[in-house]
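In our numbering, the protein residues as written are 33 to 629. We put the beta carbon where it would ideally sit given N, CA and C, even for glycine.
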Amino acid sequence: MIFRFSNLAIGALVMSGLILGCGQSPKPEVSKSPTQPTVQAKPSYEDADGPSLFKQLDAKTGIEFTYQNGEENNHLAILESLGGGVGLIDLDRDGLLDVLTPGGGKYTEKNIQGVPCKLFHNKGAMAFEDWSDRIVIEGGWFYTHGVAVSDFNRDGWQDALLTGWGRVALLRNDPVDPANPAKGRKLVDVTRQSGLETGSWSSSAAWGDLDGDGFPDLYLACYADWSFSKHPSCSYGTKVKDVCPPKEFQGLQHQLFLNRGDGTFREVGKDAGLEKPGKEASKGLGALMVDLDGDGKPEIYACNDTVENFLYLNQSRRGNIRLKSWAKESGVARDDHGNPNGSMGVDSADYDRTGRYSIWVTNYENEPHALYHNDGLQDGKPIFSWKTTASGIAAMGQKFVSWGTGFADFDWDGWEDLFVINGHAIRFPGGGEEGQKMRPVLLRNQGGGKFKLASQRGGEYFSTEHRGRGAALGDLDNDGALDLVVSHVQNPGAVLKGLPPTGRQWIGFNLQRNAHACCVGAQVRLTAQGKPMSRQVKGGGSYASSPDRRIHFGLDTATKMDTLEISWPDGFRETFDPARFVPGKYHEIIQGTGNKK
């Protein structure tokens, strides 16, 4: 969320007055009032023809949650802007994704309190049961934002981490009754004994094995040094007070925790090479781990608010995490005009079938969203070029404050499409609440590196406005049509069921390594009807959310694969007989069960 000017918007601002934008709005003054931001006009859509890809489900699913930010107390704290995400976790290993949602927080005067998170158990056929009482939190709830799912102790059961203000919570997946497995599972707070106690304010997190020991390490995107003792009063042109922009605050140090492999962690950010915080640095909102140079080891990309984004190349050895800062050199720190942006959401994909993974970043209003194309290696390091305009994504305009996002092949044509969830960050855009809600955006990948707006194909949800924040993408009913769970600020969240396209095929893979080693960085490559495609297991992504980690391919009209190859994080490569894998279902593949390449 940025609040400052962009060179791209200057011409328009001369005509229409100053406009507030995350990273591109005028700096507000304490007790003074710069020009009021105008209410943005709704963008026009140039939607592609075709059947609807989603149907919004009602509360009959059993999923009912509302992220609370405490704004009814009128503190106008920047804490209220971030909102929350969604986590997808198979808690009981029944093959169905359960849903974990942060609750946010509230105030008693100036005491910050947490709202309990919710957990919904998937019973199948898009029916869920409230299992929230199975979350055991130590010391009471805190103001939460994000979810990151991983099997941190490699016991074969998925665990979860909650981010938020003043602390995080590591929730270990334990049996309700060790003597009676039939009673199911629960999430137990083990933060204190794990060494993850931190007094910082974190928004998003990403898990991935950085040092190659098989245990997932943890990156925390930390935001700004705000508290009620550092709480200025701001406005944007009228007497209406509003949330102060991030420029008013010092950025916090992002944090990196090495997984020792015994259930405990050690903070190693400084020694590993993380950038220092400052008034013009850090302020993290999004985090992603993904292999960008093809060596199997995940890199780290972090979205920062109004300041340069981070990219860290992974140069680690076992037990010794070493990172090289590479954002400026590679071209992914700023936009194409050299401006840092208010960056929130992030994902990565081989969207144009080059075999290389590009980076996608959602930004604030009056800023271009960023598609950084991976152009390959230069002296062994990835280099990127700006493709927002050339790809057609710029057609969505700069009217949105964008958060949760992700690539996926919604129409099964073999090309990964893109969704973007939107909603304003401040309380009174344009001096009132009417500008808080924004429409989400759906972009269809047409192949050849081109996208086209297709929001009308998203169904009713994509045609209405919401105070959107985080979103998790995953197949909740295992029918191959990917679903979405979206978190809204102060409004009920949404469940969107993916609608299976007719006349096309799909296939999915659940990758596993021996002794439940971390799979982040593993890549699946296949060909179908002679067309190459690749997908990767990623850590983090979207905004403050944890999507389905299974690999999903649309196969278009192909009824079988021609070739199938998997590269694992330890560098092991193997091929598989594609005849073993029938389209229309998810297949578990364990490392070492193919033919070594």
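Per-residue DSSP class, three states only, for residue i
{"i": "residue 496", "result": "coil"}
{"i": "residue 395", "result": "coil"}
{"i": "residue 615", "result": "coil"}
{"i": "residue 145", "result": "strand"}
{"i": "residue 74", "result": "Caution applies to residue 74, whose pLDDT of 42 falls short of 50 and renders its modelled position unreliable; the value that the coordinates give is listed next. If DSSP states are grouped into helix, strand and coil, residue 74 belongs with coil."}
{"i": "residue 111", "result": "helix"}
{"i": "residue 425", "result": "helix"}
{"i": "residue 285", "result": "coil"}
{"i": "residue 133", "result": "strand"}
{"i": "residue 93", "result": "helix"}
{"i": "residue 487", "result": "helix"}
{"i": "residue 207", "result": "strand"}
{"i": "residue 388", "result": "coil"}
{"i": "residue 520", "result": "strand"}
{"i": "residue 457", "result": "coil"}
{"i": "residue 478", "result": "strand"}
{"i": "residue 261", "result": "coil"}
{"i": "residue 312", "result": "coil"}
{"i": "residue 463", "result": "helix"}
{"i": "residue 348", "result": "coil"}
{"i": "residue 176", "result": "strand"}
{"i": "residue 229", "result": "coil"}
Cβ-Cβ distance between residue i and residue j below 8 Å
{"i": "residue 168", "j": "residue 123", "result": "no"}
{"i": "residue 529", "j": "residue 132", "result": "no"}
{"i": "residue 599", "j": "residue 117", "result": "no"}
{"i": "residue 306", "j": "residue 297", "result": "no"}
{"i": "residue 370", "j": "residue 394", "result": "no"}
{"i": "residue 178", "j": "residue 247", "result": "no"}
{"i": "residue 353", "j": "residue 515", "result": "no"}
{"i": "residue 180", "j": "residue 578", "result": "yes"}
{"i": "residue 108", "j": "residue 274", "result": "yes"}
{"i": "residue 521", "j": "residue 504", "result": "no"}
{"i": "residue 601", "j": "residue 241", "result": "yes"}
{"i": "residue 397", "j": "residue 430", "result": "yes"}
{"i": "residue 99", "j": "residue 136", "result": "yes"}
{"i": "residue 438", "j": "residue 86", "result": "no"}
{"i": "residue 426", "j": "residue 461", "result": "no"}
{"i": "residue 344", "j": "residue 391", "result": "no"}
{"i": "residue 323", "j": "residue 389", "result": "yes"}
{"i": "residue 594", "j": "residue 562", "result": "yes"}
{"i": "residue 192", "j": "residue 221", "result": "no"}
DSSP bridge partner residues for residue i (one or two, in chain order)
{"i": "residue 405", "result": "417"}
{"i": "residue 153", "result": "161"}
{"i": "residue 234", "result": "254"}
{"i": "residue 439", "result": "450"}
{"i": "residue 538", "result": "586"}
Buried versus exposed, by CB contacts within 10 Å (16 or more), residue i
{"i": "residue 72", "result": "Caution applies to residue 72, whose pLDDT of 41 falls short of 50 and renders its modelled position unreliable; the model cannot decide the point."}
{"i": "residue 341", "result": "buried"}
{"i": "residue 243", "result": "buried"}
{"i": "residue 622", "result": "exposed"}
{"i": "residue 442", "result": "buried"}
{"i": "residue 170", "result": "exposed"}
{"i": "residue 337", "result": "buried"}
{"i": "residue 552", "result": "buried"}
{"i": "residue 182", "result": "buried"}
{"i": "residue 571", "result": "buried"}
{"i": "residue 627", "result": "exposed"}
{"i": "residue 199", "result": "buried"}
{"i": "residue 217", "result": "buried"}
{"i": "residue 210", "result": "exposed"}
{"i": "residue 419", "result": "buried"}
{"i": "residue 614", "result": "exposed"}
{"i": "residue 468", "result": "buried"}
{"i": "residue 84", "result": "exposed"}
Residue i beta carbon near the ligand SAH (any heavy atom closer than 7 Å)
{"i": "residue 200", "result": "This structure lacks the ligand SAH, and indeed carries no ligand of any kind."}
Boundaries of the alpha helix (DSSP H) in which residue i is found, first to last residue
{"i": "residue 303", "result": "301 to 304"}
{"i": "residue 360", "result": "359 to 362"}
{"i": "residue 568", "result": "That residue, residue 568, is in no alpha helix (DSSP H); its beta strand (DSSP E) goes 563 to 568."}
{"i": "residue 270", "result": "Counting along the chain, residue 270 falls outside any alpha helix (DSSP H), and DSSP gives it neither H nor E."}
Short CB-CB distance (under 8 Å) between residue i and chain B
{"i": "residue 106", "result": "Looking at the structure shown, chain B is missing, and only one protein chain is on hand."}
Span of the beta strand (DSSP E), counted from its first residue to its last, around residue i
{"i": "residue 595", "result": "595 to 599"}
{"i": "residue 560", "result": "555 to 560"}
{"i": "residue 195", "result": "191 to 196"}
{"i": "residue 591", "result": "That residue, residue 591, is in no beta strand (DSSP E); it is neither H nor E in DSSP."}
{"i": "residue 650", "result": "Missing from the structure shown is residue 650; the chain here goes from 33 to 629 and no further."}
{"i": "residue 217", "result": "217 to 221"}
{"i": "residue 335", "result": "331 to 336"}
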